[in-house]
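Note that the sequence shown covers residues 162 to 559 in our numbering. Note that beta-carbon positions come from the ideal geometry of N, C-alpha and C, so glycine has one too. Working notes, structure below.
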Amino acid sequence: MDNLTKGINPFYPGQPVPVEYFTGRMKEIERITRAIGQVENGKPQAVFLTGEYGIGKSSLAGFLNFFAEKNNHLIGIHVFLGGAETLDDLAEKTVEAVLRQQIYEESRVEKIRNFLAKYIGQQSLFGVNVNFQAVKADAPNIAKGFLPFLNELLGRLKDDGVKGLMLILDEINGITRNKQFSHFVKSLVDENAVAQKPLPLLLMLCGVEERRRDMIGHHPPVERIFDIIEINPMEDAETETFFEKSFSSIGLKVEDRAMYLMRFYSAGFPKLMHIIGDKVFWENKDGVIDEKDVRAGIVEAAIDVGSKFIDQQVYKALKSNLYKSIFKKLAQSHFDLSFTKAEIEKTLDASEKKNFSNFLQRAKKLGLLVSGEEKGEYIFTSRLARLYINFAADFKWK
Ligand SMILES: Nc1ncnc2c1ncn2[C@@H]1O[C@H](COP(=O)(O)OP(=O)(O)OP(=O)(O)O)[C@@H](O)[C@H]1O
Ligand SMILES: [Mg+2]
């Protein structure tokens, strides 16, 4: 099988998964479906999708967006706020997101375009052309009248059977630094709650727990607004379904041992599942994914993860020979994220032991570890980092 006849690569490392490849998350979907149902019946809701980097927040939000239009008559607007720092930026990106949003019913698209006609540039063959200048000029007004803007949007769609909106604010790393954002979100929710006719709005924020904490730090009442939905690593069955579904979509069978290894090394992390799947896809030469394909793919994946996700600094600083063997011992020890100094020390030889305190201090300084509550307890700040260390110890430093 050469590269031309391989078919479409069903893996999407580095971007939210398209709806047709979305897998699992039934529990989370069920919980959010309740909120969606409330909004469909007219009651506003706010949820915070949280979970660590790469766990699948944006993918789940994207799937729910599709789901809520199909099943519950809500129109979703998925706003990626990367790079946004001010409320004007937020307003700008929201208008752009409304125009670019994939909406399934044509008549709705038409109405939205009429509503926002002045922000549409010259027609192009490739979807909507946003007139950025016009959007920018109006952004401050839209930011100030954000709720009326959303109300007007829904008003235009009501005839089309739309019962509510789902506003997804994603990639909030930059904007949560701005104190005004916390106040904005709280006011939006409160203003809507006391309105004579509240807008059926599902407000959904996506971010790691630290971002929610930042927001609360800026304005404590934010804590009471949201239902928190935590996304955890996938269960074994979900992971297997993912690989099974992805490979079978291009007619490939997965052998049991191959499946086991992909599951084991991705450990429930969708981000790693896609990286591994992608590498294995390119290693495979026939109609069956076997152990050999997977082993080769995992080595590639480990290198990829190491160079991309671990801060270059951590990687460079701690890769020295001096620390290699300590890393290896950590990799071989059975703990998830947290370990105690004493329990690892038992596995170290004399020279490793001598360097261990130093190693821990440096790893802390570099942000790889934090101290835990127990005496001598250390915790990996990210599971991806912990996993990379396993990868690296197994495959590169042997
Ligand atoms: N339910 C799922 N089914 C299949 N693939 C998924 C699923 N959830 C996430 N992924 C994949 O995992 C990777 C990370 O997902 P996503 O970008 O949604 O995570 P995130 O939590 O939003 O990450 P970040 O914190 O970086 O924004 C992507 O490659 C995505 O395609
Ligand atoms: Mg995301």
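Which value, in whole angstroms, describes the spacing of the CA atoms of residue i and residue j?
i	j	result
Ile197	Thr255	20 angstroms
Asn302	Tyr173	38 angstroms
Phe520	Tyr549	17 angstroms
Gln176	Phe241	12 angstroms
Phe430	Ile264	29 angstroms
Ile329	Gln262	11 angstroms
Phe496	Lys305	50 angstroms
Lys414	Pro394	25 angstroms
Lys272	Pro361	19 angstroms
Leu529	Gly537	16 angstroms
Asp472	Lys218	For Asp472, the predicted structure reports a pLDDT of 46, less than 50, and the residue's modelled location is therefore unreliable. The matter cannot be settled from this model.
Glu253	Phe517	51 angstroms
Between the beta-carbon of residue i and the beta-carbon of residue j, is there less than 8 angstroms?
i	j	result
Ile236	Leu349	no
Glu500	Ser494	The residue you asked about is not Glu; residue 500 is Phe in the sequence shown. Yes, the pair counts as a contact, with Cβ atoms nearer than the cut-off.
Cys367	Ala222	yes
Tyr280	Val296	yes
Ile389	Phe209	yes
Ile450	Val441	yes
Leu318	Val259	no
Met423	Val455	yes
Ile392	Gly212	yes
Phe541	Leu509	no
Ser427	Met376	no
Pro205	Ala354	yes
Ala207	Leu364	yes
Ala245	Gly335	yes
Ile386	Val323	no
Quick one: give me the first and last residue of the beta strand (DSSP E) that residue i is part of.
i	result
Leu413	No beta strand (DSSP E) contains Leu413, which DSSP labels as neither H nor E.
Phe241	Leu235 to Phe241
Leu106	In the structure as shown, the chain starts at 162 and stops at 559, and residue 106 therefore has no counterpart that could be examined.
Phe276	Careful: Phe276 lies outside any beta strand (DSSP E), inside the alpha helix (DSSP H) at Glu267 to Phe276.
Thr211	Gln206 to Thr211
Ile389	Asp388 to Glu391
Going by DSSP in three states, residue i sits in which element: helix, strand or coil?
i	result
Val180	helix
Asp447	coil
Thr247	coil
Gly325	strand
Glu396	coil
Lys559	Because the pLDDT at Lys559 is just 36, under 50, the model does not fix this residue reliably, and the value given afterwards should be weighed accordingly. Looking at Lys559 - three-state DSSP - the assignment turns out to be coil, as it is neither helix nor strand.
Ile459	helix
Ile303	helix
Ile333	coil
In terms of residues, what are the limits of the alpha helix (DSSP H) holding residue i?
i	result
Ile190	Met187 to Glu201
His344	Lys340 to Val355
Arg418	Asp417 to Ser427
Glu370	Glu370 to His379
(message) Which runs of the beta strand (DSSP E) at least 3 residues long sit entirely within the segment 487-553? Give them in chain order.
(response) Fully enclosed beta strand (DSSP E) runs of 3 or longer: 499-501, 530-532 and 538-541.
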